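Worksheet: one structure, shown below.
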Amino acid sequence: MKSASKFSWMTPVTTGLIGGVVALFLSLVGIVEASLGRYVITGILSMGQVFLLAVYAIFAVQAAQKATPEHGEKAPVYRTLACAAIAGLMISIVLALLVVVGEQIDLRGVFIHATPVLYDLLTFGLGVPQGIFVLLGFGLLMGILFGVLVLLPKALRKSIGVGLIAVPVLSVTYSALFAGRGLQLPVAIAVFVISAVAIFLWDRFEKPIRTRSQALPSGQQRTMRLGVWVLAGLFVLALPLLGSYPSEVLVITGIFVLMGLGLNIVVGYAGLLDLGYVAFFAIGAYVMAIFTSPEITWFPIHTSFWVALPFAVLTAMLAGAILGIPVLNMRGDYLAIVTLGFGEIIRLVALSDWLKPLIGGSNGITQIPKPTTFGLAFDNPQKLYYIVVIGCVIAAFIATRLKYSRLGRNWMAIREDEDVAQAMGIDLVRNKLLAFATGAALSGLAGAIFASKLTSIYPHSFNLLVSINVLAVIIVGGLGSIPGVIIGAVALVGLPELLREFAEYRLLVYGAVLVFMMLRRPEGLLPEARRKLELHEMSPDVAE
Amino acid sequence: MLKNLRRRVSGTTIAMWVIGAILLIVVIVGTVRTLLIGKYTGADWTDLIVYGISQGSIYALIALGYTMVYGILRMINFAHGDIFMAGAFIGYFVASYFDQTGFLEQNLVLSLIFVTLVAAFTAAAMAVVLERIAYRPLRRAPRLVPLITAIGASFFIEYAFLGLFGSGIKGYPEPEALKGRVSIFGVEILKTQLIVIVAAVVMLIALWYFVQRTKMGKAIQAVSEDKDAAALMGINVDRSIMITFLVGGALAGAAGVLYALLFRQVYFFMGFFPGLKAFTAAVLGGIGNIAGAMVGGLFLGIAESLFPNLVLDGLGIPAPYQLKDALAFFLLVLVLIFRPTGILGERLATKKA
Numbered sequence: 000m001k002s003a004s005k006f007s008w009m010t011p012v013t014t015g016l017i018g019g020v021v022a023l024f025l026s027l028v029g030i031v032e033a034s035l036g037r038y039v040i041t042g043i044l045s046m047g048q049v050f051l052l053a054v055y056a057i058f059a060v061q062a063a064q065k066a067t068p069e070h071g072e073k074a075p076v077y078r079t080l081a082c083a084a085i086a087g088l089m090i091s092i093v094l095a096l097l098v099v100v101g102e103q104i105d106l107r108g109v110f111i112h113a114t115p116v117l118y119d120l121l122t123f124g125l126g127v128p129q130g131i132f133v134l135l136g137f138g139l140l141m142g143i144l145f146g147v148l149v150l151l152p153k154a155l156r157k158s159i160g161v162g163l164i165a166v167p168v169l170s171v172t173y174s175a176l177f178a179g180r181g182l183q184l185p186v187a188i189a190v191f192v193i194s195a196v197a198i199f200l201w202d203r204f205e206k207p208i209r210t211r212s213q214a215l216p217s218g219q220q221r222t223m224r225l226g227v228w229v230l231a232g233l234f235v236l237a238l239p240l241l242g243s244y245p246s247e248v249l250v251i252t253g254i255f256v257l258m259g260l261g262l263n264i265v266v267g268y269a270g271l272l273d274l275g276y277v278a279f280f281a282i283g284a285y286v287m288a289i290f291t292s293p294e295i296t297w298f299p300i301h302t303s304f305w306v307a308l309p310f311a312v313l314t315a316m317l318a319g320a321i322l323g324i325p326v327l328n329m330r331g332d333y334l335a336i337v338t339l340g341f342g343e344i345i346r347l348v349a350l351s352d353w354l355k356p357l358i359g360g361s362n363g364i365t366q367i368p369k370p371t372t373f374g375l376a377f378d379n380p381q382k383l384y385y386i387v388v389i390g391c392v393i394a395a396f397i398a399t400r401l402k403y404s405r406l407g408r409n410w411m412a413i414r415e416d417e418d419v420a421q422a423m424g425i426d427l428v429r430n431k432l433l434a435f436a437t438g439a440a441l442s443g444l445a446g447a448i449f450a451s452k453l454t455s456i457y458p459h460s461f462n463l464l465v466s467i468n469v470l471a472v473i474i475v476g477g478l479g480s481i482p483g484v485i486i487g488a489v490a491l492v493g494l495p496e497l498l499r500e501f502a503e504y505r506l507l508v509y510g511a512v513l514v515f516m517m518l519r520r521p522e523g524l525l526p527e528a529r530r531k532l533e534l535h536e537m538s539p540d541v542a543e
Numbered sequence: 000m001l002k003n004l005r006r007r008v009s010g011t012t013i014a015m016w017v018i019g020a021i022l023l024i025v026v027i028v029g030t031v032r033t034l035l036i037g038k039y040t041g042a043d044w045t046d047l048i049v050y051g052i053s054q055g056s057i058y059a060l061i062a063l064g065y066t067m068v069y070g071i072l073r074m075i076n077f078a079h080g081d082i083f084m085a086g087a088f089i090g091y092f093v094a095s096y097f098d099q100t101g102f103l104e105q106n107l108v109l110s111l112i113f114v115t116l117v118a119a120f121t122a123a124a125m126a127v128v129l130e131r132i133a134y135r136p137l138r139r140a141p142r143l144v145p146l147i148t149a150i151g152a153s154f155f156i157e158y159a160f161l162g163l164f165g166s167g168i169k170g171y172p173e174p175e176a177l178k179g180r181v182s183i184f185g186v187e188i189l190k191t192q193l194i195v196i197v198a199a200v201v202m203l204i205a206l207w208y209f210v211q212r213t214k215m216g217k218a219i220q221a222v223s224e225d226k227d228a229a230a231l232m233g234i235n236v237d238r239s240i241m242i243t244f245l246v247g248g249a250l251a252g253a254a255g256v257l258y259a260l261l262f263r264q265v266y267f268f269m270g271f272f273p274g275l276k277a278f279t280a281a282v283l284g285g286i287g288n289i290a291g292a293m294v295g296g297l298f299l300g301i302a303e304s305l306f307p308n309l310v311l312d313g314l315g316i317p318a319p320y321q322l323k324d325a326l327a328f329f330l331l332v333l334v335l336i337f338r339p340t341g342i343l344g345e346r347l348a349t350k351k352a
């Protein structure tokens, strides 16, 4: 492309306008306002403001980088700064327009979040004429500041950037876990400095440390790795010490890790996009409920969690294989839609009056007992957490072993090309059904734990959104990658669970994340090496 | 190789046919029993059928968007149902504004047309933007990538609308002139249903004309047939795809207004089920086939309104209408298993898909 090497002053204007639209969207959709109460720096800076600042940062930096066109010579300093400033100003102009229009016409009839609170925030509480000028000036200032950041040498730029991100992340984690009100200003500054310095030092000394540790004799290396594993294990086991509420969140995250590991086998290994995954979760939960709840009178057996657990897993597994049969011949997107249909059918049937005498219809099943072992009741989230961890460890073990087994390699072959795999003598029917069944079993396990955690289940808990949620988890983490599942679950389930004020925006974020990941990083955050290779080698157009 | 495949899966094939036979028997038994009991009168059945036709013509309008996009890109535009929802929402804002100013009552026809046009225009614009941002960069990506993107886009649009406009169910204004029934050929039908059916037929004819008779329509057909060959013939492929999204989006937006006219309420999640059902309709008719989408939509609409009362009631299932949605999905699964080609289509589900 020849035109790319030429610089046009329209580029920063468009970049800024896009940024303005993003900022406008965040404001009107209510995210900014919803997070005004969540302070990052106590009394000074709220999360809502941080979101808007992030928009300024991202788009000003982008505009500054675009000042140097591709294949062109490096832009003079003034141009980089001017581009960033223009972008910042454009964002402010868009927001200022919102305030000006909003003051004239009442927008609240249409946009429910176009409130005076928002206008107040955008005009720094100064009202219309003065506030608008301050907003515009602020945009210019932010643009120039981030332009300067771009001009700094790389090491310095990186450490400042990391420091800037560390403050809100740490602060929000802290306040979410301990119901705090954000960091005090001096603490925030300290966090910024420490993390910036740490990353600066790490960059400098990473290589020597790495070469030194690699130079160690292999026995010592193994001990070191073992030590790291033991430390990680102890860390995981110590997490419930954080308290009851964080443990609750951890249990939910763990349940999603379990489901993610299962779906990862179906989607990540075998390449069968299953959108009805929640069905097996529901089956696991319902079997657990039917076996253990005293409410169910028609079923002859009433037993404990541990006896019911294998039945829940087996039933889910069987259901996975049975529902797998009709879709054996389908590929890709058709499979996705049909499995989605299955999931919805199961939910709708569970919800209807038809099966009400058996499974309670919309009233669900209640009084499911919590698990007990030798008189020790797992009656609070701290204890339940360990059951979930055990489940996750088993699942992760199974998933890892399967991945490199003959079965796992068969699945990968099927994922790459069904016809070729078949021609190589791989039994499609058997392997596909095994994938569905294994995935379903893990989902059933998660469902069984879920049921006894909540002690009551309703069909509403098993809607499509759960499937989408799990799908987002494994896609963000990286399809086929096991550490990816954990990262994905922590980021997409644990974090939003902690930040309750975002509950309404959770699926908005998931949607955006799915689109963004597919466009920019289809291999996920912690990609599996093979898939990364595939995605980047196959499609030069995407990489561009 | 196909023969080999047939031999290998013959066991499952037989099992599937057995399941099919059982289902057929169940349907027949249910129908016969319902008719023998005679719980519903003739008027009840005509009501259900008219309701089914009006519902089905909306499905047909949405299904066209699925089918055209599938035909041209071989992808399921999962977010299409939300484009439909967006149309209904925009229509709601315009309609309630007209209602406040009194324009709606004074100039009913004009305002209805205007509301539909605005909704169609906005929905079309959204569909085009969606294509540009989310789908175009992924044209050569592996097949599942655009589908996942579409699912993401679908949820993004839904929850963006939730955030922007609130979660409450909004009631469409209901002008006096549209209340009540009219009698046509001795059949009493609701005025709104009549409007929906007529409007849908007009739009379907317009679309048929556009695709079959105009240059742009023919270009779209050529691109669906073979993108590269079409490009060699001097057809602007990107533009054809854009127009496809535009037309599909406009139809969905208009369908949103019609849907709101029937049910008089809009909310952010309303696009999900109609979207899935319209997809079912597209598959029923044979995806990629425009006439098929129309037939499939009508079939699904009628089946959905008749079947619960006709079949399930006879089987003694309480409150069968609760299973209406489940039935539609069941139909989708059945069609994809037993006749992936749909009523009028080529075999796509296993071959090109």
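Residue numbers (numbering that gives the first Met the number 0), protein chains in the order written: chain A, 0 to 543; chain B, 0 to 352.
Every residue, glycine too, gets a C-beta built ideally from N, C-alpha and C.
Being a predicted model, the structure only gives us computed values, none of them experimental.
- Contacts with chain B at 8 Å (Cβ-Cβ) do not include H301(A).
- Only those residues of the region 79 to 92 of chain B whose C-beta falls short of 8 Å from the nearest C-beta of chain A are listed: F92.
- By the beta-carbon neighbour count (other beta carbons within 10 angstroms, threshold 16), A394(A) is buried.
- Taken atom to atom, the span from the alpha-carbon of K369(A) to that of I254(A) is near 16 Å.
- For A335(A), the nearest beta carbon of chain B is closer than 8 Å to its own beta carbon.
- Here the region 160 to 169 of chain A does not lie against the region 118 to 133 of chain A, with fewer than 3 beta-carbon pairs under 8 Å apart.
- Nearest Cα to L427(A) within the set R408(A), L507(A), A335(A), A62(A): R408(A).
- When rounded, the separation of the alpha-carbon atoms in V195(B) and G90(B) is 15 Å.
- For Y158(B), a Cβ of chain A is located within less than 8 Å of the residue's own Cβ.
- In this structure, DSSP gives Y457(A) a state outside helix and strand, which the three-state scheme calls coil.
- When the Cα atoms are used, T67(A) and T79(A) turn out to be separated by approximately 8 Å.
- Shown here, A254(B) sits in a helix according to DSSP, grouped into three states.
- Taking all protein chains shown into account, R414(A) has 16 or more neighbouring C-beta atoms within 10 Å of its C-beta and is therefore buried.
- Each of G101(A), V39(A), P380(A), T296(A) was checked against the Cα of I358(A), and the nearest Cα belongs to T296(A).
- Residue-level contact by beta carbon fails for I104(A) and chain B, as no gap is shorter than 8 Å.
- With a threshold of 16 other beta carbon atoms within 10 Å, K402(A) meets it and is buried.
- In the three-state reduction of the DSSP assignment, T372(A) falls in the strand class.
- For L150(A), the CB contacts under 7 Å within the same chain, skipping 5 residues up- and downstream, are V76, T79 in chain order.
- Contact of P115(A) with chain B is not assigned, every C-beta pair being separated by 8 Å or more.
- Residue range 186 to 189 is occupied by the beta strand (DSSP E) that includes L189(B).
- Contacts between Q321(B) and chain A, judged by CB atoms closer than 8 Å, involve L347, L350, S351, D352, W353 in chain order.
- Annotation: the continuous beta strand (DSSP E) that includes I183(B) extends over 180 to 183.
- Shown in chain order are the members of the region 130 to 142 of chain B whose Cβ falls below 9 Å from a Cβ of chain A: I132, A133, P136, L137, R138, R139, A140, P141, R142.
- Taking 8 Å as the CB threshold, E496(A) stays off the interface with chain B.
- Beyond the five residues adjoining it in sequence on each side, V26(B) comes within less than 6 Å, by CB distance, of V310 in the same chain, given in chain order.
- In this chain, the alpha helix (DSSP H) harbouring Y173(A) covers 153 to 177.
- Using a Cβ distance threshold of 8 Å, A62(B) and L245(B) do not count as a contacting pair.
- For a Cβ distance threshold of 8 Å, residue set I336, V337, G340 of chain A lies close to L331(B), ordered along the chain.
- Contacts with chain B at 8 Å (Cβ-Cβ) include G331(A).
- For Y118(A), not one C-beta of chain B is nearer than 8 Å to its own C-beta.
- Distances from the alpha-carbon of D225(B) to those of Q264(B), L72(B), Y58(B) put L72(B) closest.
- DSSP places I40(A) within a strand segment (E or B) once states are collapsed to three.
- Relative to V222(B), the option among I57(B), V68(B), A290(B) whose CA is nearest is V68(B).
- Under a 10 Å Cβ-count criterion, T252(A) is classified as buried, with 16 or more other Cβ atoms of the shown protein chains found around its own Cβ.
- Nearest CB-CB separation between G283(A) and chain B: not below the 8 Å threshold.
- Within a 10 Å sphere around the beta-carbon of N362(A) sit fewer than 16 other beta-carbons, which makes this residue exposed.
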